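Protein chains in written order, with this note's numbering: chain A, 264 to 420; chain B, 660 to 1360.
Note that the Cβ used here is the ideal one computed from N, Cα and C, for glycine as well.
Nothing here was measured: the structure is a model prediction, and the numbers come from that model.
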Amino acid sequence: MKKISLSIIITVCLLLMIGACVSEHNEKDMVPPTIEDSEDCYPQQCQSFFRGEVIPVRCLFTDDNELGNYNIEVHNNFDHHTHSTVAGECEMEEKKSPVNPWVYNKDYHIPEGQTAYQANLEISIPTDIDTGNYHFVIRLTDATGWQQIKSVSISIK
Amino acid sequence: MNKYVWTVLLVAWPWMSYAQTDTLKDETLQEITIYGNSTERQVQMKSAQPVVDISQQFIETHLGGSLMQSLSFIPGVKAMTIGSGESKPAIRGLGFNRTAVTENGIKHEGQQWGEDHGLEISQMDIDRIEIIKGPSALLVGSDAIGGVINIYSNDIPERKLEGKVKTFYHSNNASVGGALRLGGIGEKGFYWKAAFSGNSYGDYRVPTDSIQYYSYYIQLKDGRLRNTAGHELDGSVMVGYQGKNLSSSLRISNTNGKSGFFANAHGLEVRLSDIDYDAHRRDVDLPFHRVNHLKVMNHTDWRIASWRMSSDLSFQNNVREEQSEPVSHGYMPQPDNALERRFNKNTYTVLVSAKKMIANNHTLNIGTSMEHQHNKRDGWGFIIPDFRNLTTGLYVHDRWYINQQLSLSGGVRYDWTRTHIYPYQDWYETFGEYKQRSEDRILTFNSVTWSIGANYNAEKWSVKSNIGKGFRTPIPKELGTDGVNYHIFRYEVGNADLDPEESYQLDANFCWTGTRLTVKVDPFLNYFSNYIYMNPTSEYYEGLQVYNYTQAKVVRWGVEVQASYKWIKQLESELTGEYLYARLASGDKKGYTLPFSQPWNVSFTTTYKPWEESFLSVTGQYTGKQTEIVPPEKPTDGYFLLNASLGHCFHFKGKEHQALSLSLQAQNLLNRRYYDHTSYYRLIGVPEAGRNFSLTASYNF
């Protein structure tokens, strides 16, 4: 009987001790990075461009700890599947099937150790692509692996 | 050896040393196999691990939209929900392939790895359930790391003709359903059973008029989560023979269900469509999934001298498909059909075991198992490769009844697995190349697992403890994927060098049963030497964030507490609570918790029974805030819920087997808007269902 009680006490104490020693606080990064959401971030929702032009990408990325990498992706929205993350409807063209749609998908590296980074890119629009509604998607990670996504609707004329 | 393993051994030692010093008494004990009316003590003495027995009646009085939702009131058991009609189990925070489900001893095999997969077992066709919290590799093999949910649907009828008719209605999603179960014993030991059930539900209602996801507002019509309707149709037949030296049964069952996914987001991806989802609340449009699960099972018991032999043979076919509106993604052009994913899995299982009573106080159990799986994929979205899996296992287990109070149990098991992963190549070009997403690979794995436990049972209290090792063979998705998951915006990279996951767990159970007060405490301590998880990195590949499958040490501990107090004969209160702690103890994400970590919760129930067959019960439940998260999760606020239920069972004079039960349940009475941290829809900010009233009527004859 006594031995049993002793066993219980030992078990409970050890469980508590282990719990206490593994729950020590260490600084974890719990905050995703941010993509600036203001009038200074380009391209903007519903912005129009012409074939052969460049799309200037100007946007400020920040993170409380350390930024990771980012990716720019452009794909057509001829079927109006709209997964933009920015509210507000843009003027849409008629639905159509893609013939030679523009696909742009490129990963960009941010130098190590940065907590703020100003993206400054010029993306050339090919001259032979289908015109119409496109999605312009910016994906950004921090060093831990948190991700932020910003997707805007643009049109190419 | 690692410090955690030492700690586990240290904690276990007092138990083992106690067992060794106790004096032996010559008492004969029969193996305890009483179900149904078993008392708490008998249940607790069945195994050295924490066991919960659930009757058919419990499921009826807690009837939710799916089996696991009905069982989620049990401390330590959780339902990971996908909408209102489907869910999958998690025991003490471990779900997916880390919790096994068996039906009549056969492991249920579907696509358990999937976030949007629900358990394909009808809750209307179950006799009883036994839940073992803790690694149960010894009898189940791989996967039962968190525990096992043993479902039994093979009770033998007692009369010439008996049956049950059941019908229910849930107000929130306008779910209507019914079930008919029939059975009878014939002459010379033959018997039969048959069941048929079905239900249909509409879009469920949430206490909000819009959902904000990213900076996008999704307006809801009448608070209905569009396209979450569904239906299910299940049936089974069973024939059997029960003789003195030979018993055998054959059971065939089929479950078939279809349900929609929330129309405005598939995974994490915001979607708008031309489909008029708000036209009808009961129809299912794209995206949706449907599943069919067919099971054929044979169980045979026979005697050879003093050995009690048993065998199980089974075949399972699981077909699951997901359809969604075809859209172009990255380099993938727009597909010409809606079939995004389809999996067809065939599983063959053979189990043979032999039991023998030795020296009147040992129950020796030797067994072997063999399972063959073949999984074939289809559709334009690649997420797992085709594979063939062969597993064989061999185990020996002994239960030693030292005296009426004390029993010891222990066993060891060996498993061997061969996994053949088939190659896969994209159907479209990326940079002018048809990319290979999976290579042809043959991998083999071995595992030795064991378990030692002790049960001690005094007059008013019982104590038990168990220490055991569990394992899980890596699944082909973890080993061989190199694929894109557009719904969660990630590129998932498998790792063929993964080792079988190994877990050591110490369980204890203290139970005190007084005349008024009953207290039960189940603490556990768990250590994984190589937990497999998908590690989010800062890298991109083909436009998607790279997630690598990797292994790390994990420490977990937790406790479930249950206390009930009888104020007077008619009035009883119950307090339950659970707490779970998990930490990655090595690797890139050291210090983080595990994905889908459930927060602590307490609930307080008071039940009033004015008459023997009537009850009125009110439950207040508080769930804590969850700030322990890993990417891409979000913290989830705590919440308070109020539930109530009342019921009555009518008996008819002179007809002892006939009874009519009526019950009314109310969930989320305050219509609180809350989020379930472990729900499939949590990440896109969809709250749980609002107020719901359920009416259930069943008639036994």
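Those residues which DSSP pairs with residue i across a bridge
{"i": "His925(B)", "result": "Glu928(B)"}
{"i": "Tyr1251(B)", "result": "Tyr1251(B) is not bridged to any residue."}
{"i": "Arg1096(B)", "result": "In DSSP, Arg1096(B) forms no bridge with anything."}
{"i": "Glu1201(B)", "result": "Its beta-bridge partners do not exist; DSSP assigns none."}
{"i": "Phe827(B)", "result": "Gly836(B), Thr1355(B)"}
{"i": "Gly842(B)", "result": "Glu821(B), Lys852(B)"}
{"i": "Trp966(B)", "result": "Ile963(B), Lys1015(B)"}
{"i": "Glu774(B)", "result": "For Glu774(B), which the question treats as bridged, DSSP gives no partner whatsoever."}
{"i": "Val1218(B)", "result": "Pro1182(B), Tyr1238(B)"}
{"i": "Trp1171(B)", "result": "Trp1120(B), Val1178(B)"}
{"i": "Pro1195(B)", "result": "Tyr1206(B)"}
{"i": "Thr1075(B)", "result": "Residue identity check: residue 1075(B) is Trp in the sequence provided, not Thr. Note: Trp1075(B) sits in a beta bridge opposite Thr1051(B), Asn1105(B)."}
{"i": "Glu1030(B)", "result": "Thr1008(B), Thr1050(B)"}
Under the three-state DSSP convention, the category residue i falls into
{"i": "Thr720(B)", "result": "helix"}
{"i": "Arg1350(B)", "result": "coil"}
{"i": "Pro748(B)", "result": "strand"}
{"i": "Val362(A)", "result": "coil"}
{"i": "Arg1331(B)", "result": "coil"}
{"i": "Tyr1145(B)", "result": "helix"}
{"i": "Ser729(B)", "result": "helix"}
{"i": "Asn756(B)", "result": "helix"}
{"i": "Ile419(A)", "result": "strand"}
{"i": "Asp1229(B)", "result": "First, the amino acid is wrong: residue 1229(B) is Gln here, not Asp. Looking at Gln1229(B) - three-state DSSP - the assignment turns out to be coil, as it is neither helix nor strand."}
{"i": "Pro421(A)", "result": "There is simply no residue 421(A) to check, as chain A begins at 264 and stops at 420 in what is shown."}
{"i": "Leu683(B)", "result": "Reliability fails at Leu683(B), whose pLDDT of 30 lies under 50, so the model's placement of it is uncertain and the value that follows must be treated cautiously. Coil."}
{"i": "Met293(A)", "result": "coil"}
{"i": "Leu1319(B)", "result": "strand"}
{"i": "Met704(B)", "result": "helix"}
{"i": "Ile373(A)", "result": "coil"}
{"i": "Tyr694(B)", "result": "Because Tyr694(B) carries a pLDDT of 32, less than 50, the predicted location of this residue cannot be relied on, and no value is offered for it."}
{"i": "Leu1049(B)", "result": "strand"}
Per-residue burial, residue i [other beta carbons within 10 Å of its own, 16 or more giving buried]
{"i": "Lys369(A)", "result": "exposed"}
{"i": "Lys1248(B)", "result": "buried"}
{"i": "Arg962(B)", "result": "exposed"}
{"i": "Asn858(B)", "result": "buried"}
{"i": "Val294(A)", "result": "exposed"}
{"i": "Phe1090(B)", "result": "exposed"}
{"i": "Arg940(B)", "result": "buried"}
{"i": "Leu1176(B)", "result": "exposed"}
{"i": "Ser387(A)", "result": "exposed"}
Residue i at chain A interface by Cβ criterion, 8 Å
{"i": "Val986(B)", "result": "yes"}
{"i": "Glu1219(B)", "result": "no"}
{"i": "Tyr936(B)", "result": "no"}
{"i": "Phe1148(B)", "result": "yes"}
{"i": "Tyr1251(B)", "result": "yes"}
{"i": "Pro1133(B)", "result": "no"}
{"i": "Gly1112(B)", "result": "no"}
{"i": "Gln1204(B)", "result": "yes"}
{"i": "Pro1254(B)", "result": "no"}
{"i": "Ile1126(B)", "result": "no"}
{"i": "Pro1291(B)", "result": "yes"}
{"i": "Lys684(B)", "result": "In this predicted model, Lys684(B) has a pLDDT of only 31, less than 50, meaning its place in the structure is not dependable enough to derive any value."}
Test: residue i CB closer than 8 Å to a CB of chain B
{"i": "Glu299(A)", "result": "no"}
{"i": "Gly331(A)", "result": "yes"}
{"i": "Thr394(A)", "result": "no"}
{"i": "Gln410(A)", "result": "yes"}
{"i": "Asn363(A)", "result": "no"}
{"i": "Met355(A)", "result": "no"}
{"i": "Asn334(A)", "result": "yes"}
{"i": "Lys291(A)", "result": "yes"}
{"i": "Asp303(A)", "result": "no"}
{"i": "Asp342(A)", "result": "yes"}
Residues that residue i contacts on chain B, provided the C-beta gap is smaller than 8 Å
{"i": "Ala406(A)", "result": "Ser1197"}
{"i": "His338(A)", "result": "Ser987, His988, Gly989"}
{"i": "Asn328(A)", "result": "What Asn328(A) touches in chain B: nothing, since even the nearest Cβ is about 11 Å away."}
Beta-carbon neighbours of residue i, restricted to chain B and to distances below 7 Å
{"i": "Val366(A)", "result": "Tyr990"}
Listed by chain order, chain A residues near residue i by CB distance under 9 Å
{"i": "Ile1288(B)", "result": "Met293"}
Contact set between residue i and chain B, taken where Cβ atoms lie within less than 9 Å
{"i": "Asp370(A)", "result": "Glu1198, Tyr1199, Tyr1200, Glu1201, Gly1202"}
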